[in-house]
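Take a look at the structure below.
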Amino acid sequence: MDLDQLFWQATLDDIKQGYTDESSQFTCLLCGKGIEKGIIYPQDGLLYEAEKYMQHHITTEHKSVFHYLISLNKKMTGLTDHQNNILRLFYEGKTDQEIKEELEIGSATTIRHHRFALKEKERQAKTFLAMMELLKEQDQKEDSHVPIHKTATMVDERYDVTLSEEQELLEKYFPNGIGQQLVRFPKREKHKIVVLRAISKLLDDSKQYTEKELNEIIQPIYEDYVQIRRYLIEYGFMDRQDDGSTYWLKK
9 MDLDQLFWQA
19 TLDDIKQGYT
29 DESSQFTCLL
39 CGKGIEKGII
49 YPQDGLLYEA
59 EKYMQHHITT
69 EHKSVFHYLI
79 SLNKKMTGLT
89 DHQNNILRLF
99 YEGKTDQEIK
109 EELEIGSATT
119 IRHHRFALKE
129 KERQAKTFLA
139 MMELLKEQDQ
149 KEDSHVPIHK
159 TATMVDERYD
169 VTLSEEQELL
179 EKYFPNGIGQ
189 QLVRFPKREK
199 HKIVVLRAIS
209 KLLDDSKQYT
219 EKELNEIIQP
229 IYEDYVQIRR
239 YLIEYGFMDR
249 QDDGSTYWLK
259 K
């Protein structure tokens, strides 16, 4: 199961702690790192059992689950930039007066109004989540959708792709198998997402690629490798250094 699918299928409790408890390991939902059970891990002069080491990993690599989640695209969180900033300051324990001064807005009363509005958003989210869970239980035959990658830059109807639809498109554009030559690069946005997602899965998420190395992977798949490389960045599958010297999969 890929990281996006693992993340979106995780329970709320697992997402809050940032990792899942699987049979042989703990898996970080934020980056995919696995910590094998039954091993003692030395770090900075201390010894950690597996779950404690996973918690240490999240703190050192991601700061906190909250900081990771709030850094996601606003289409994923449903927050405006203003709400994002206020939530971050709430999490950091700032008082209403300190937030007012830092953001240079309104008054302490205005900040209290934002607290109330966010609590209302929480209540609405709980209600909606409960309804969706009940709907899922009612319609067991529903064809599941392909999980949206968490680093997507544009989230709209182009991501409305079911698993069966994705398989049909992959067979259409990669008749000889994923990783083999692409018949053509699609014009339809929905189809582009499917093709780019498939190509991104050919890359190692723990590796940083030079432009030359990335080109050598893409060119056998499609002759206009520059276009594919550009779209992988544009659609949020990959990131790069400003000078184009290094590329990597976004997590």
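Every position in the sequence shown, counted from 1, becomes a number in our numbering once 8 is added. Yeah, the Cβ is synthetic: ideal placement off N, Cα and C, and Gly gets one too. Since the structure is predicted, the reported quantities are computational estimates derived from the model, not experimental observations.
With fewer than 16 other Cβ atoms inside 10 Å of its own Cβ, residue 140 counts as exposed.
One thing to note: residue 43 has its Cβ within 8 Å of the Cβ of residue 61. The count of Cβ pairs closer than 8 Å, one atom from the region 43-52 and one from the region 114-133, stays below three, leaving the stretches out of contact.
Remark: C-beta atoms of residue 40 and residue 213 approach each other more closely than 8 Å. Straight through space, the alpha carbons of residue 80 and residue 237 are spaced by roughly 22 Å. In the same chain as residue 119, and ignoring 5 residues on each side of it, the C-beta atoms closer than 6 Å to its own belong to 104, 107, 108, in chain order. Looking at the DSSP output, residue 55 bridges to 50. Within the DSSP secondary-structure output, residue 188 pairs in a beta bridge with 186.
Beyond the five residues adjoining it in sequence on each side, residue 93 comes within less than 7 Å, by CB distance, of 111 in the same chain, given in chain order.
Taking 8 Å as the cut-off, the beta carbon of residue 155 is found no closer than this to the beta carbon of residue 247.
Sorting 201, 228, 234 by C-alpha distance to the C-alpha of residue 244 places 201 at the top.
Residue range 33-36 is occupied by the beta strand (DSSP E) that includes residue 34. Between residue 231 and the set 176, 188, 253, the nearest pair of CA atoms involves 188.
With respect to residue 169, residue 190 sits apart: the two C-beta atoms are not nearer than 8 Å.
Here the alpha carbons of residue 75 and residue 254 stand approximately 25 Å from one another. For residue 118, the secondary structure class from DSSP, reduced to helix, strand or coil, is helix. Taken atom to atom, the span from the alpha-carbon of residue 100 to that of residue 71 is near 12 Å.
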